[in-house]
Amino acid sequence: TAEWAERTSMWLSSPCTSLDSEAITAAVDEYHRTAYRLARAARDDRVVSKLKDGIESFRRYSQLFGDACNSALQPHHWRQIMGLLGQKDRDPEEPITVSELIELGALDKAEPISNISAAASKEHSLRLALKRMQEDWAGLEFKMVPYKDTGTCVVGHTDEIQMQLDEQLMKIQAMNASPFVKPFKAEAEAWQEALEGLEELLDQWLSCQATWMYLEPIFSSPDIVKQMPEEGAKFAQVDMTFRLLVDEVVASPLAIKLAKDADRRDSLTLANRLLDEVQRGLSRYLEAKRLAFPRFFFLSNDEMLEILSETKDPTRVQPHLRKCFEGIHRLQFEPGLAGIVSAMISLEGEKVPFKQNINTSMARGKVEQWLVEVEVAMFEAVHDVTGRGINDYVAGNDSGSGGGNGCGLKRHEWALRWPGMVVLLAAGVFWTRGVEEALATKRLQDYEKQCSSDLREIVDLVRGELTGLQRATLGALVVMDVHG
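Residue numbers (UniProt numbering): 1 to 484.
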């Protein structure tokens with residue numbers, strides 16, 4: 001009983017801010033259980049009965065202790081409580097005891113005081129949540145990775161930063177919508193603004209980085225910059241902005257540090273606008289090249305840029321010729337003669353010389369110009385070699401189907417002297433002429449015998465020693481003869 005009296009006196013007379021309401025509630029509950037056990041053991045004991053009654057009476061203050069000793073209560077909450085109790089002029093930071101509160105009529109204002117305390121707890125919870133959000137960024141850094149041989153870095157995976165950013169933006173938006181955030185609304189709104197700023201900066205940065213990585217190798221070529229000076233100057237400005245940002249982040253990689261850097265966000269926004277202009281200019285440039293040499297439409301932008309970035313080296317077109325000209329594997333550049341094209345060569349190695357060599361240096365770096373000349377030269381070369389092949393066939397075959405001339409040239413011998421395309425074309429032309437003549441002179445059986453003889457000669461030749469190219473030509477000729 002003495003212990004109980006001493007403790008209750010201490011609780012009632014101590015400043016509320018120094019008391020632990022949960023510990024008091026636990027102690028009172030323990031005393032209550034003890035008193036009931038004693039009451040059952042000694043039903044008529046007055047001391048026990050008095051203790052039990054005292055505990056029951058004190059428990060009426062439990063809610064007030066819980067509300068008034070709430071560590072979440074701030075001066076503005078105490079100001080509200082004092083206002084309820086008619087003490088508006090009292091300093092909210094002046095210590096006050098539960099006993100004083102009871103004297104001021106706090107028990108009659110239990111419900112509004114409880115509401116104030118509950119609001120304080122919610123405010124405290126939100127304040128702690130805001131603090132945790134801020135602390136979560138303490139060790140979160142951008143991972144910078146060296147990029148090729150550019151002498152600078154790019155930001156690596158940002159998944160962790162992006163995930164935390166998305167999560168905290170949802171939390172802070174919900175927090176700012178709560179009525180309990182009012183006491184520190186400015187701080188919460190400032191944090192939301194910082195996160196939104198970081199989100200915008202990250203979006204602008206990653207967009208700028210992706211485009212910069214695509215354009216950097218293009219505009220590192222002096223040839224491209226020379227042909228696109230305006231776009232080259234814009235890219236140089238962006239390149240400087242990007243490298244400065246990277247240098248700053250490498251020196252201080254904390255992600256949250258960039259959250260309030262409005263100047264950096266603005267510079268990245270400008271950089272992205274310039275990059276859009278550069279890309280549009282690049283598209284116009286490539287479109288002009290394609291219109292000048294329409295076969296460029298068969299190539300992707302990257303393939304075209306690979307060619308156009310090294311205009312001083314005409315051999316850069318070689319890997320892409322097959323897309324521009326079906327059947328042509330490469331061009332023959334004369335050794336020791338810079339930029340002189342003399343022939344076209346198929347994938348099988350069959351070569352057709354041009355009637356006139358093409359000097360690519362005369363185009364002064366305009367690849368599309370000398371490729372147009374190559375296209376014309378190809379037509380001329382095919383026309384020329386086809387005509388000479390047909391004339392050679394006529395000279396060696398009196399009837400247009402076989403036999404020999406004064407030099408003893410046979411059809412199968414002729415087939416080895418000319419490109420496969422010429423052989424098949426001439427054979428088809430003269431087979432048709434031979435059939436027409438045989439029908440007109442009623443000598444179809446004789447012509448059939450002649451064709452069979454020609455076929456046997458070709459077959460015998462195929463069985464012998466031939467190069468791969470010769471075998472391919474004669475194989476195609478055999479198929480044509482059989483079906484003919």
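All C-beta atoms in this analysis are idealised placements derived from N, C-alpha and C, irrespective of residue type, glycine included. Computed from a prediction, not measured in an experiment: that's the story for all the values here.
Going by Cα to Cα distance, which pick from the options is closest to residue i?
{"i": "ALA233", "options": "VAL278, ALA476 and ILE113", "result": "VAL278"}
{"i": "LEU165", "options": "VAL246, GLY387, TRP137 and LYS366", "result": "TRP137"}
{"i": "HIS76", "options": "ALA120, ASP454, GLY151 and ALA110", "result": "ALA120"}
{"i": "VAL181", "options": "VAL367, GLU123, THR386 and ARG79", "result": "GLU123"}
{"i": "SER49", "options": "PRO229, TYR36 and ASP67", "result": "TYR36"}
{"i": "LEU331", "options": "ILE116, LYS351, ALA476 and VAL435", "result": "LYS351"}
{"i": "ALA343", "options": "PRO15, LEU268 and ALA381", "result": "ALA381"}
{"i": "LYS366", "options": "GLN227, GLN470 and ILE161", "result": "GLN227"}
{"i": "VAL422", "options": "VAL394, GLY389 and LEU126", "result": "GLY389"}
{"i": "ILE224", "options": "ALA251, LEU286, THR241 and VAL459", "result": "LEU286"}
{"i": "PRO314", "options": "ALA23, VAL374 and ILE328", "result": "VAL374"}
{"i": "LEU416", "options": "LYS449, PRO229, PHE379 and GLU457", "result": "GLU457"}
{"i": "VAL394", "options": "VAL429, VAL376 and ASN115", "result": "VAL429"}
{"i": "GLN162", "options": "ASP460, ASP91, VAL435 and LEU201", "result": "LEU201"}
{"i": "residue 485", "options": "ARG280, VAL246, ALA255 and TYR31", "result": "Any question about residue 485 goes unanswered here, given that the chain covers just 1 to 484."}
{"i": "GLU160", "options": "GLY281, GLU141, ASP45 and ARG316", "result": "GLU141"}
{"i": "PRO179", "options": "LEU254, LYS260 and ILE116", "result": "ILE116"}
{"i": "VAL317", "options": "VAL372, VAL462 and GLU216", "result": "VAL372"}
Distance check for residue j and residue i, CA to CA, integer angstroms please.
{"i": "ALA292", "j": "PHE325", "result": "16 angstroms"}
{"i": "LYS257", "j": "LYS143", "result": "14 angstroms"}
{"i": "LEU38", "j": "ASP29", "result": "14 angstroms"}
{"i": "ALA72", "j": "GLU3", "result": "30 angstroms"}
{"i": "PRO95", "j": "TRP205", "result": "53 angstroms"}
{"i": "GLY468", "j": "ALA338", "result": "31 angstroms"}
{"i": "GLU309", "j": "ARG411", "result": "The sequence as given places Ser at residue 309; Glu does not occur at that position. Using only the alpha carbons, I get a separation of about 49 angstroms."}
{"i": "ARG290", "j": "ARG284", "result": "10 angstroms"}
{"i": "ILE102", "j": "LEU85", "result": "10 angstroms"}
{"i": "VAL478", "j": "ARG443", "result": "23 angstroms"}
{"i": "GLY197", "j": "ILE218", "result": "32 angstroms"}
{"i": "ASP392", "j": "GLY349", "result": "23 angstroms"}
{"i": "LEU244", "j": "VAL238", "result": "10 angstroms"}
{"i": "LEU169", "j": "ASP89", "result": "41 angstroms"}
{"i": "MET82", "j": "SER125", "result": "23 angstroms"}
{"i": "GLN63", "j": "ARG127", "result": "24 angstroms"}
{"i": "PRO319", "j": "SER252", "result": "45 angstroms"}
{"i": "ARG60", "j": "ALA129", "result": "33 angstroms"}
{"i": "GLU413", "j": "LYS449", "result": "19 angstroms"}
{"i": "residue 485", "j": "PHE58", "result": "Examination of residue 485 is not possible in this model, given that the chain is present from 1 through 484 alone."}
{"i": "THR211", "j": "GLN470", "result": "50 angstroms"}
{"i": "TRP418", "j": "ASP460", "result": "19 angstroms"}
{"i": "ALA438", "j": "HIS483", "result": "18 angstroms"}
{"i": "GLU6", "j": "GLY54", "result": "12 angstroms"}
{"i": "GLY434", "j": "ALA377", "result": "32 angstroms"}
{"i": "GLY408", "j": "ALA476", "result": "Summary for GLY408: the model assigns pLDDT 41, below 50, so the residue's position carries little reliability; its value from the coordinates is reported in the next sentence. Cα to Cα, GLY408 sits roughly 24 angstroms from ALA476."}
{"i": "GLY151", "j": "ASP263", "result": "24 angstroms"}
{"i": "LEU12", "j": "ASP45", "result": "27 angstroms"}
{"i": "PRO229", "j": "LYS312", "result": "18 angstroms"}
{"i": "LEU275", "j": "MET240", "result": "13 angstroms"}
Give the range of the alpha helix (DSSP H) segment to which residue i is assigned.
{"i": "CYS69", "result": "Element bounds for CYS69: n/a, residue is neither H nor E."}
{"i": "ALA186", "result": "185 to 219"}
{"i": "LEU130", "result": "110 to 136"}
{"i": "MET228", "result": "Counting along the chain, MET228 falls outside any alpha helix (DSSP H), and DSSP gives it neither H nor E."}
{"i": "VAL423", "result": "420 to 441"}
{"i": "VAL478", "result": "468 to 483"}
{"i": "LEU12", "result": "2 to 13"}
{"i": "GLU94", "result": "First-last for GLU94: undefined, no H or E at that position."}
{"i": "CYS451", "result": "444 to 462"}
{"i": "LEU165", "result": "159 to 176"}
Keeping to the same chain, check which residues put their C-beta closer than 8 angstroms to that of residue i; ignore five residues upstream and five downstream.
{"i": "ILE340", "result": "PHE333, GLU334, ASN357, ILE358, ASN359 and THR360"}
{"i": "GLN87", "result": "LEU104"}
{"i": "ARG265", "result": "GLY197, GLU200, LEU201 and GLN204"}
Tell me the residue span of the beta strand (DSSP E) that contains residue i.
{"i": "residue 489", "result": "Examination of residue 489 is not possible in this model, given that the chain is present from 1 through 484 alone."}
{"i": "CYS153", "result": "153 to 155"}
{"i": "VAL145", "result": "144 to 146"}
Who are the Cβ neighbours of residue i in its own chain at under 7 angstroms, not counting the five residues just before and after it?
{"i": "LEU425", "result": "THR386"}
{"i": "GLY406", "result": "Here GLY406 scores only 33 on pLDDT, less than 50, and its place in the model should not be relied on; the value that follows carries that caveat. Same-chain partners within the cutoff: there are none."}
{"i": "ASN272", "result": "GLN204, SER207 and CYS208"}
{"i": "GLN192", "result": "ILE172, GLN173 and ASN176"}
{"i": "MET304", "result": "LEU286, LYS289 and PHE296"}
{"i": "ILE328", "result": "LEU321, ARG322, MET344 and SER346"}
{"i": "CYS16", "result": "ALA68, CYS69, ILE96, THR97 and VAL98"}
{"i": "VAL145", "result": "CYS153, VAL154 and GLY156"}
Can you list, in chain order, the residues of its chain whose CB lies under 6 angstroms from that of residue i, leaving out five sequence neighbours each side?
{"i": "residue 485", "result": "Residue 485 lies beyond the stretch modelled for the chain, which goes from 1 to 484, so this question has no answer here."}
{"i": "ALA363", "result": "GLN369 and TRP370"}
{"i": "LYS52", "result": "ALA35 and ALA39"}
Q) Counting only runs that start and end within the segment 344 to 415, where is the alpha helix (DSSP H) found for 4 or more residues in a row? A) Counting only runs of 4 or more, we get 367 to 396 and 411 to 415.
Q: Return the chain-ordered ranges of every beta strand (DSSP E) run that is complete within the segment 288 to 345 and spans a minimum of 3 residues.
A: List check, beta strand (DSSP E) in window: 330 to 333 and 340 to 345.
Q: Any chance you could list the alpha helix (DSSP H) runs of at least 4 consecutive residues sitting entirely within the segment 19 to 90, in chain order?
A: Taking only runs of at least 4 residues, the alpha helix (DSSP H) segments lying wholly in the segment 19 to 90 are 21 to 41, 46 to 58, 62 to 68 and 75 to 84.
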